[in-house]
Every structure is written in structure tokens, then in C-alpha cells.
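Single-structure report; data block below.
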Amino acid sequence: MQRPSPLRPGARVRAIAPSGPFDHTLVWRGLAALAERYQVSYSREMFRRAGYLAGDDARRAAELQAALDDASLAAVVAARGGYGLSRIASRIDWSALARHPKWLVGFSDITVLHLEAARVGVASLHAHNVAGLGRYGAERHAEWFAALEGALTQRHALVPVHVGDAALQGRAVGPLAGGNLTLVATHSAARRLALPRGCILVLEEIAEAPYRVDRALTALLESGDLQGVSGVVLGDFIGCSPGRYGVEVEAVLAERLAELEVPVARGLPIGHGEPNRPLPLGLEATLRVDASGASLSIA
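Quick note, the numbering used here runs 1 ahead of the 1-based positions in the sequence shown.
Right, here's the structure in full:
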């Protein structure tokens, strides 16, 4: 797995909008925060709107391809998630990223970028989009900058996932991969999912009923795309309420993921909740789960 070079103050960073439209005020604030440290560029075209998309597919694909092709860029940061990257993934020459490795940064719909980066063997950063930088203050900015500038060693205390009284325990070592569950499942359905062998799968979700989480996990399990996954770490599952059936999403996750027969833990501070910590995907990590506790370490 190629690891793009750490950024330095003054590095060239491009903002793009490959998914949905965004709150202009938040993005302007986020761009201002970036500009305090880096040379930031963007096209005014990213402010276009076509319903729930930030402009039509041709515009968004061209903007993304130009950013991937630009060897002078150290990082490409999405303005916002939303929806839209799945529509253009097959139009992109992703080999450009392998030729010119750079950090792809974002989360939610930007999971598509992370999955494609993994497919061509380049690490990426699951972290706030530009709008998120605009929403939060100096503390979040500092940890975001630090991650891109090479401070990637992390250790997270997690919670074991149980089925009945038994923890899904064990030890796993492998590169981190994944992101939003719906996008991982969608990428699998499009036959574009190629997780690194032995990876530790990271999943998060927002506002999906437990039966929809079940459906996405079942599709992934049946596809065979999770064969070779060595462990699973769960981030935030926000707004996945039980509904009229009274089924908790935690129970669904445990029951479905138990089929993998790998260690599973929850409590990683990433996703649509707060905090959404920067997480380097593609870097090797160690997951340890036993009856008394769990942890994830990134060297």
C-alpha cells in the first residue's frame, strides 16, 4: 500500500465537490481554515447544484479526474458527502492516483474515494470534509492537520461485541479499510469492491433502520467480498433506531458479523457523530478483542 507523503505548511490542497451540494457558509469557513496552513485551490464550478447533486455527473467526474491527474497536489478534500460518487466511479481513471499518490480526505459518501484508493493500493484519510472543518473550531482543525502532516500513530480503547455472553474475540493485524456501510455495500453491488486481503474492516452508518443495516450486511456476506477480512471495528451508528419491531442495531451487527468468525469491536470515534476523528485507511493496524476489553492500535 502506497502512503502519500505527509503534508507540510504551504502544501497544495484541492477542494472538490464530487457528491452533493453543500452549505456555502460552512464550506467558506472550512476553506478559510485550510488556507491558513496550505495553498488551497478549487473551481467555482463546485458551487453548482443539480437537485441533490453538486452539478451533473460530467462536471463532477471531470473535476475529480483533474484533481487525481494533478501531480502537484498533496491532498484532495471533499466539500461534503451526501450522494453522487457512486454514479461517477466507473468514469474515473483511478490509476492516476497510483501514479500521483495524494491524500484523499472525507467521509460518508466519500467512502467511494477510500474504496477506490484501496483498490489501486493508496492510503487515504477518513476525516471531516471541508464543511465539517467549517462547523468545528481550532481543536478539530489541529487534529485534522496533524493527521495529514504525519501524526498517524493512534490507540483507541474499544468495546467488545458480544453474541449472547460470548465476545467475538481474537487478534487481527492488517490494513484498515471501509467507511460508510451503505456505500461499501453499494460498491460491492457494482462489483467494484476490492478490499485488501487481511484487512480490518471499519464501518459506520447514519439514519438506517436496523433491517436496512441487516440487508446491507447480508448482501456483503453473500457477495463473498468480505472473505479475507481479519477483523471488524464499528464506528458510530447514528439514528439507527429500533422502530416498531424493537430490534436494536447493535444486536443486528453482532448477529450478522458473527458469521465472519473474526474479532469485532465497537466504539471507534468516527462517522456522523461527534467526535469524528481522522482515521488513516490503508495503514496497518492491530485489533485485540477479549472478554475484558478491546483496542485498536495504528503504528
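Don't be surprised by glycine CBs; every beta carbon is placed ideally from N, CA and C.
Measure the C-alpha to C-alpha separation of Pro270 and Ala191 and round it to an integer number of angstroms. Taking the first residue of the sequence shown as position 1, residue 270 is located at position 269. Taking the first residue of the sequence shown as position 1, residue 191 is located at position 190. So the two alpha carbons sit approximately 29 Å from each other.
By the three-class DSSP mapping on this structure, what secondary structure does Glu206 have? Working through the sequence shown from its first residue, we reach residue 206 at position 205. Glu206 sits in a strand when the DSSP states are folded into three classes.
For Thr183, the first and last residue of its enclosing alpha helix (DSSP H): Taking the first residue of the sequence shown as 1, we reach residue 183 at position 182. Start and end: Leu182 to Ala190.
Please determine if the stretch 252 to 268 and the stretch 233 to 242 are in contact, where contact requires at least 3 C-beta pairs separated by less than 8 Å. In short, these stretches touch, since the Cβ pair count reaches three.
As a quick exercise: from Gln3, Leu153 and Ala167, pick the residue whose alpha carbon is nearest that of Ser293. On the sequence shown, residue 293 is found 292 positions in, with the first residue counted as 1. Taking only the C-alpha atoms, the option nearest Ser293 is Ala167.
Ignore the nearest five residues each way along the sequence and tell me which others in Ala208's own chain have a CB closer than 6 Å to its CB. Counting from one through the sequence shown, the residue named residue 208 turns up at place 207. So the list reads Gly240, once near-sequence residues are dropped.
So, is His25 buried or exposed, given that buried needs 16 or more other C-beta atoms within 10 angstroms? Start at 1 with the first residue of the sequence shown, and residue 25 comes out as number 24. With fewer than 16 other Cβ atoms within 10 Å, it is exposed.
Since Leu280 contacts His142 with CB under 8 Å, what's their CB separation in whole angstroms? Locating residue 280 in the sequence shown gives position 279, where the first residue counts as 1. Locating residue 142 in the sequence shown gives position 141, where the first residue counts as 1. The beta carbons of Leu280 and His142 sit about 17 Å from each other, so the pair does not count as a contact at 8 Å.
Cross-strand partners of Gly175 (DSSP beta bridge): In the sequence shown, counting from the first residue as 1, residue 175 sits at position 174. DSSP lists Ala286 as partners of Gly175.
Report the option in Glu260, Asp110, His157 and Glu256 whose CA atom is closest to the CA atom of Val290. Walking along the sequence shown from the start, residue 290 turns up at place 289. Nearest option by C-alpha distance: His157.
To the nearest angstrom, how far is the alpha carbon of Glu206 from that of Leu182? Translated into the one-based positions of the sequence shown, residue 206 becomes position 205. Translated into the one-based positions of the sequence shown, residue 182 becomes position 181. Straight through space, the alpha carbons of Leu182 and Glu206 are spaced by roughly 6 Å.
So what's Val214 in DSSP terms, helix, strand or just coil? Sequence index remark: in the sequence shown, residue 214 carries index 213 (1-based). Val214: helix per DSSP, three-state reduction.
Check each candidate in Ala72, Asn277, Ala186 and Ala99 and name the one with the smallest Cα separation from Glu144. The sequence position of residue 144 within the sequence shown is 143, counting from 1. Comparing Cα-Cα distances from Glu144 to each of Ala72, Asn277, Ala186 and Ala99, the minimum goes to Asn277.
Between which two residues does the beta strand (DSSP E) carrying Phe238 extend? As a position in the sequence shown, residue 238 is number 237, starting the count at 1. Per DSSP, Phe238 belongs to the beta strand (DSSP E) from Gly232 to Ile239.
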